[in-house]
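Trainee: Once you know that position 113 of the sequence shown is 112 in numbering that gives the first Met the number 0, the rest is easy, because the numbers rise by one and skip nothing. Mind looking over this structure? Questions follow.
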Amino acid sequence: MRILLVEDETSISNFLKDGLEEEGFAVDVADNGKTGLQLALDNLEEYDTIILDWMLPGMSGIEICRNIRKESHAVPVIFLTARDTTDDAVFGLEAGANDYIRKPFAFDELLARIRVLMRGKSGENSVFRYKEIILDVDSHRVSKADENVELTQKEFALLEFLLRNKGKVSRRTRIIEKVWDIHFDYDTSVIDVYINALRKKLDDKNSESFIETIRGVGYRINEEA
């Protein structure tokens with residue numbers, strides 16, 4: 000899923016971007032308030048979580064949060080800031096944030112809070128099923144008929160995306176944006192390689208693939224009969 004990170008300290012933003020991408024998220028980064036707000040407003044329907052520093056060049060995180068809330072109450076917002084008093088936390092939450100984490104912080108705690116907020120936004124739990132296939136986002140595990148199946152990071156992210164959109168056709172351009180974090184014209188044939196890998200690891204040998212190809216459009220995991 001996609002996250003916007005607005006943070007002007009390069010060491011922190013690089014650390015978070017790398018860590019979140021390793022967990023399967025697509026991450027956009029802005030290093031100042033005005034760029035962060037523009038990205039947020041241009042892509043409100045795309046972001047699953049927005050992480051804001053408070054003290055930013057150009058515009059504060061508080062101003063960004065208030066402007067976001069004028070347009071959307073759905074997207075979760077987390078303040079990640081060195082402002083560490085109780086009054087600061089209350090002020091940030093009253094400005095519209097869903098959560099408030101003080102620096103220095105533990106990455107695992109931030110990750111857990113992101114997942115909790117995303118589950119609350121979508122109304123979903125973190126476990127997705129299709130017949131004997133089970134994908135658990137929190138434990139980052141996939142099993143079939145109670146047997147663990149080893150997937151690469153991209154295979155896992157692609158399967159998660161398809162399962163989240165079960166019953167819908169996932170267009171190739173949408174997949175490349177959400178799973179590969181690419182926003183421009185790109186050879187989407189790379190998707191075919193990963194679809195084939197998922198089929199080899201998860202298909203039943205004597206039946207049709209659980210991932211249906213919609214020729215010229217994309218792929219779909221059908222609702223269970």
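A virtual CB, placed ideally from N, CA and C, is assigned to each residue, including glycine.
L134 by DSSP, collapsed to three states: which one?
Mentor: The residue you call residue 134 lines up with position 135 of the sequence shown. DSSP places L134 in strand when its eight states are reduced to three.
Trainee: Who are the near neighbours of F106 in its chain, counting only those whose CB is closer than 7 Å to its CB and skipping five residues on each side?
Mentor: Position 107 of the sequence shown, counted from the first residue, corresponds to residue 106. G18, listed in sequence order.
Trainee: Does the count of Cβ pairs from the stretch 91-109 and the stretch 57-76 closer than 8 Å reach three?
Mentor: Flag = yes, the stretch 91-109 and the stretch 57-76 touch.
Trainee: Where does I2 fall in DSSP's three states?
Mentor: On the sequence shown, position 3 is the one that residue 2 refers to. Of the three classes helix, strand and coil, the one that applies to I2 here is strand, per DSSP.
Trainee: State buried or exposed for I113, treating a residue as buried only when at least 16 other CB atoms are found within 10 Å of its CB.
Mentor: In the sequence shown, the residue the question calls residue 113 occupies position 114. The residue is buried, with at least 16 neighbouring Cβ atoms inside 10 Å.
Trainee: Please classify K177: is it buried, with 16 or more other beta-carbons within 10 angstroms of its beta-carbon, or exposed?
Mentor: What you label residue 177 is simply residue 178 of the sequence shown in a count that begins at 1. Under this definition K177 is a buried residue.
Trainee: Taking all protein chains shown into account, decide if D27 is buried (16 or more other Cβ within 10 angstroms of its Cβ) or exposed.
Mentor: Translated into the one-based positions of the sequence shown, residue 27 becomes position 28. D27 should be labelled buried.
Trainee: Within the same chain, show all residues whose beta-carbon is closer than 6 Å to that of A144, passing over the 5 residues directly before and after it, in chain order.
Mentor: Residue numbering aside, residue 144 sits at position 145 when the sequence shown is read from its first letter. Counting only Cβ-Cβ distances below 6 Å, and skipping sequence neighbours, we find E131.
Trainee: Within 10 Å of its beta-carbon, does A39 have 16 or more other beta-carbons around it, so buried, or fewer, so exposed?
Mentor: The residue you call residue 39 lines up with position 40 of the sequence shown. Classification of A39: buried, given that the 10 Å Cβ count is 16 or more.
Trainee: According to DSSP, F127 sits in a beta bridge with which residue or residues?
Mentor: Within the sequence shown, residue 127 is the residue found at index 128, counting from 1. Note: F127 sits in a beta bridge opposite L134.
Trainee: Verify whether the separation of the beta carbon atoms of E154 and L197 is less than 8 Å.
Mentor: The residue labelled residue 154 in the question sits at position 155 within the sequence shown. The residue labelled residue 197 in the question sits at position 198 within the sequence shown. Yes; because the gap between Cβ atoms is below 8 Å, this pair is in contact.
Trainee: Taking the alpha carbon of D47 as the reference point, which residue from R171, R219, A25, R214 has its own alpha carbon closest?
Mentor: Residue 47 sits at position 48 when you count from the first residue of the sequence shown. Answer by Cα proximity: A25.
Trainee: Can you check DSSP and say which residues form a bridge with T156?
Mentor: Counting from 1 along the sequence shown, the entry for residue 156 is found at position 157. Going by the sequence as given, residue 156 is Ala instead of Thr. For A156, which the question treats as bridged, DSSP gives no partner whatsoever.
Trainee: Secondary structure at A25, three-state DSSP: helix, strand or coil?
Mentor: Taking the first residue of the sequence shown as 1, we reach residue 25 at position 26. A25: strand per DSSP, three-state reduction.
Trainee: Are the beta-carbon atoms of D41 and S12 separated by less than 8 Å?
Mentor: The count along the sequence shown starts at 1 and reaches residue 41 at position 42. The count along the sequence shown starts at 1 and reaches residue 12 at position 13. No; because the gap between Cβ atoms is not below 8 Å, this pair is not in contact.
Trainee: Report the three-state DSSP secondary structure of N97 (helix, strand or coil).
Mentor: Counting from one through the sequence shown, the residue named residue 97 turns up at place 98. In the structure shown, N97 sits in coil (DSSP, three-state: anything other than H, G, I, E or B).
Trainee: What's the call for K84, buried or exposed, on a 16-neighbour Cβ count within 10 Å?
Mentor: Here residue 84 refers to the residue found at position 85 when the sequence shown is read from its first residue. The sequence as given places Thr at residue 84; Lys does not occur at that position. Its Cβ having fewer than 16 others within 10 Å, T84 is exposed.
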